[in-house]
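Letter by letter, the sequence shown follows residues 1 to 184 of the numbering used here. Worksheet for the structure shown next.
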Amino acid sequence: MRIRTKGGPAPLEIALPDGGVLTLRPWASAAKVAGRQAFTEALNAGASRADADVAFTAGVAAWAAVSWSGVFEEPEADTPEDVPLTPLEMTPELVVVMVTEDPAVFDAIDTRYVLPGLRQEAEKNGSAPSLAGAGPAGALKTSSERPGADATTAPPAATSPAPNAPPASMPARPRKPKRSGARS
């Protein structure tokens, strides 16, 4: 096993809608831990699976965010247009708000940071069974299909029969009982 001690990967900048930029630290295992914690908390609070998936991405983004630029406080409806916008200081809580309330921000972070990070972790663990299948058809498409999802929240398995299985209308062949004490 090799561990890089100098010159690690650079932070990733993600362009946000309306000209903002979010800077995220390089992917690490702690990102997945933060996402799982947010996912579990959302489910325990009664959220739907879709809302818990958004919470996963928001939790990862809140952990990873180191700075942003071009993110401003929404002005009041009656504020004249010539009044300058107030830049917002980045906090993990505001990152969560931004990810959960703006579908375009969620999509940008999920597709450019979360999914590549999860794929990277899955590739590092080469001895693990493929959770998403092999080839393009089995590729991760959303963070909800993330590796490590527990069995209680995993999507249901396919119910189609195996390709070589006999038709359901065919009765099962009776098997001969083995004799007691006989060795084969």
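Glycine is no exception: its CB is placed at the ideal position from the N, C-alpha and C atoms.
Identify the continuous alpha helix (DSSP H) that holds residue i and give its terminal residues.
i: Val60; result: Arg49 to Ala64
i: Val95; result: Pro92 to Glu101
i: Gly35; result: Ser29 to Asn44
i: Thr121; result: Looking at the sequence itself, residue 121 is Glu, so the reference to Thr does not match. From DSSP, the alpha helix (DSSP H) with Glu121 extends over Leu115 to Lys124.
Closest to residue i by C-alpha separation, out of the options, would be which residue?
i: Val21; options: Ala104, Glu123, Asn125 and Phe39; result: Ala104
i: Leu16; options: Ala61, Ala122, Gln120 and Asp82; result: Ala61
i: Thr86; options: Val71, Met98, Asp110 and Ser67; result: Val71
i: Ala37; options: Thr23, Trp63, Val83 and Ser48; result: Just to set this straight, residue 37 is Gln in the shown sequence, not Ala. Of the candidates Thr23, Trp63, Val83 and Ser48, the one whose C-alpha sits nearest the C-alpha of Gln37 is Trp63.
i: Ala34; options: Val96, Asp82 and Thr79; result: Val96
Measuring only the C-alpha atoms, how far is residue i from residue j?
i: Val114; j: Thr57; result: 7 Å
i: Asp18; j: Ser69; result: 11 Å
i: Ser29; j: Pro75; result: 38 Å
i: Ala122; j: Ala77; result: 46 Å
i: Arg119; j: Gly59; result: 18 Å
i: Glu13; j: Lys124; result: 23 Å
i: Pro9; j: Arg25; result: 9 Å
i: Met90; j: Val66; result: 8 Å
i: Glu41; j: Ala50; result: 13 Å
i: Ala151; j: Gly117; result: Its pLDDT being 41, under 50, Ala151 is placed unreliably in this model, and the coordinates cannot settle the point.
i: Pro11; j: Pro92; result: 17 Å
Going by the DSSP bridge assignment, what does residue i pair with across the sheet?
i: Glu13; result: Thr23
i: Phe72; result: Pro87
i: Ser67; result: Thr23
Output yes or no for whether 7 Å exceeds the beta carbon distance between residue i and residue j.
i: Arg43; j: Ala52; result: A small correction: the amino acid at residue 43 is Leu; Arg does not occupy that position in the sequence shown. Closer than 7 Å, so yes.
i: Leu88; j: Glu73; result: yes
i: Val54; j: Thr100; result: yes
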